[in-house]
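Residue numbers (the working numbering): 15 to 415.
All C-beta atoms in this analysis are idealised placements derived from N, C-alpha and C, irrespective of residue type, glycine included.
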Amino acid sequence: MHPTLLRRALLTGTALTAVAALVACGTESKDKTGGTDQSPKAAAPAPAHQRQKEKPAVPGLPGMPPVLDPNDVYAADRPNRLSPVVKDFPSRVYVPNTESDTVTVIDPETYKVVDTLHVGRQPQHVVPSWDLKTLWVNNNRGHTLTPIDPKTGKAGKEVEVHDPYNLYFTPNGKYAIVMASLDRELVFRDPHTMKRIKTEPVTCYGVNHADFSRDGRYFIVSCEFSGELLKVDTERMEVVGQQKLPFKGAMPQDVKVSPDGKRFYIADMMADGMWVIDGDTFGKPTLLPTGKGCHGLYVSRDSREMYVSNRGEGTVSVFDFTEDRITKKWHLPDGGSPDMGGVSADGKVLWLSGRYDAEVYAIDTRTGKQLARIPVGSGPHGLAVYPQPGRYSLGHTGIFR
Numbered sequence: 015m016h017p018t019l020l021r022r023a024l025l026t027g028t029a030l031t032a033v034a035a036l037v038a039c040g041t042e043s044k045d046k047t048g049g050t051d052q053s054p055k056a057a058a059p060a061p062a063h064q065r066q067k068e069k070p071a072v073p074g075l076p077g078m079p080p081v082l083d084p085n086d087v088y089a090a091d092r093p094n095r096l097s098p099v100v101k102d103f104p105s106r107v108y109v110p111n112t113e114s115d116t117v118t119v120i121d122p123e124t125y126k127v128v129d130t131l132h133v134g135r136q137p138q139h140v141v142p143s144w145d146l147k148t149l150w151v152n153n154n155r156g157h158t159l160t161p162i163d164p165k166t167g168k169a170g171k172e173v174e175v176h177d178p179y180n181l182y183f184t185p186n187g188k189y190a191i192v193m194a195s196l197d198r199e200l201v202f203r204d205p206h207t208m209k210r211i212k213t214e215p216v217t218c219y220g221v222n223h224a225d226f227s228r229d230g231r232y233f234i235v236s237c238e239f240s241g242e243l244l245k246v247d248t249e250r251m252e253v254v255g256q257q258k259l260p261f262k263g264a265m266p267q268d269v270k271v272s273p274d275g276k277r278f279y280i281a282d283m284m285a286d287g288m289w290v291i292d293g294d295t296f297g298k299p300t301l302l303p304t305g306k307g308c309h310g311l312y313v314s315r316d317s318r319e320m321y322v323s324n325r326g327e328g329t330v331s332v333f334d335f336t337e338d339r340i341t342k343k344w345h346l347p348d349g350g351s352p353d354m355g356g357v358s359a360d361g362k363v364l365w366l367s368g369r370y371d372a373e374v375y376a377i378d379t380r381t382g383k384q385l386a387r388i389p390v391g392s393g394p395h396g397l398a399v400y401p402q403p404g405r406y407s408l409g410h411t412g413i414f415r
């Protein structure tokens, strides 16, 4: 969040709260003469011991790529499992600097800045497109999106889009979803041309982050300025649930679904922890403390842990999904303001922007040791590590399935 807007939001939070109330695989069999028998035949039932091991299919959103593992929505994100679409892209870290109107480009192998791209006013996030071919820079106050070709690292012609604080994509790739924070809208657009398809007004303030259910049929949205959550039907493109978080002054941020799809975690920078909620029932959430200024959530490549940036105290908490608790906390040397980012393709490095310190942090995910501290522009925010493993992108700084 831009510091000026954040201060304004905090000053007006009370007023806002008063006003307020997202394969079939063909098989061929050989006949006895060696020819191919293409006549349809019923498959023989699997032995009982095999059937017990089979995982039930997940009936996903129409058009959505099939879920690889119903017990792990991140199964496609294993180390270095790059899609053929991105395998030849150079590995880079793209850092949008909200107060410099630039994107700093870093070579993660050398930790050196290799380019600075000039973009629109107040870039908030760098977002991989659903088809993985484009990076979109969200120029929030410039009311544009700047496309970056990740193969060349060059910026293209800006596309007019009003109030693009953040950007997501439906799991079937049918729509882009603009989080129009100040406009108080969820805007569904063509994912390539960004032409407006449908606008869904919201009654909360500050829609900003989201994640999708395992089947892609709904998504949970955080409303930063009014401390609320939304549940949105993906196919209908409509808000179907809304609730106020049970904490005075709540300011929800990043959203992530658990590997098994049963819970959603919502970072809250004022409650200093993550809200845990059952997305299906959308019942009352519980708070899991992590650290001051809890902000960004990033799942490890083995789906066992989640890295939680605590912007207000310069730390990263490590949450274990199986143990359901924080097991480690890493402290940045000399402090800092770890914000948004992502995990390297091999899973060994966590990259985070230092929002109030004009720097970027590279952290070893095995030891928590700081590997590098790199100066960038002013107000670095939604940093994207690219490319990353996965078949398609759901948006933000890189949510891959």
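If you reduce the DSSP assignment to three classes, tell me which class residue 405 lands in. coil
* Supposed close pair residue 176, residue 396 - CB separation, criterion 8 Å -> Incorrect: roughly 18 Å between the Cβ atoms, too far for contact.
(message) Ignoring anything shorter than 4 residues, give me the alpha helix (DSSP H) runs that lie fully in the segment 225-288, in order along the chain.
(response) none
Worksheet entry | Integer Cβ distance of residue 245 from residue 255, believed to fall under 8 Å | 3 Å
Cutting at 6 Å between CB atoms, please list the residues of its own chain near residue 40, excluding the five before and the five after it. Unreliable placement is indicated for residue 40, whose pLDDT of 36 sits below 50; the coordinate value is still reported in the next sentence. Within the same chain, residue 40 has no close Cβ partners at all.
Exercise. What's the gap between the Cα of residue 172 and the Cα of residue 163?
Worked result: 13 Å
| Where are the beta strand (DSSP E) runs, 3 residues long or more, that stay fully inside the segment 293-318, in chain order? | 300-303, 308-313
(Q) What would DSSP say about residue 90, mapped onto helix, strand or coil? (A) helix
Segment limits, beta strand (DSSP E) that includes residue 71 | That residue, residue 71, is in no beta strand (DSSP E); it is neither H nor E in DSSP.
**OP:** Decide if residue 101 is buried, meaning its Cβ has at least 16 other Cβ atoms within 10 Å, or exposed.
**Re:** exposed
With H, G and I counted as helix, E and B as strand and the rest as coil, what does DSSP make of residue 413? coil
Self-check item: Bridge-paired residues (DSSP) for residue 351
Solution: Paired residues: none, contrary to the question.
Can you give me the C-alpha to C-alpha distance between residue 120 and residue 355, rounded to a whole angstrom?
13 Å
Could you tell me whether the Cβ atoms of residue 308 and residue 322 are closer together than 8 Å? yes
Exercise. Does the beta-carbon of residue 339 have 16 or more other beta-carbons within 10 angstroms, so that it is buried, or is it exposed?
Worked result: exposed
query = Would you report the Cα separation of residue 242 and residue 287, rounded to the nearest angstrom?
reply = 15 Å
Do residue 158 and residue 134 have their C-beta atoms closer together than 8 Å? yes
message: Below 8 Å, how does it come out for the segment 96-113 and the segment 325-342: are there three or more Cβ pairs, yes or no?
response: no
Just confirm the distance between the C-beta atoms of residue 152 and residue 179, as a whole number of angstroms; I'd bet it's less than 8 Å. 7 Å
Worksheet item: Quick check: the segment 73-88 against the segment 298-308, are there 3 or more CB pairs under 8 Å?
Response: no
### Residue interval of the beta strand (DSSP E) (run including residue 385)
384-389
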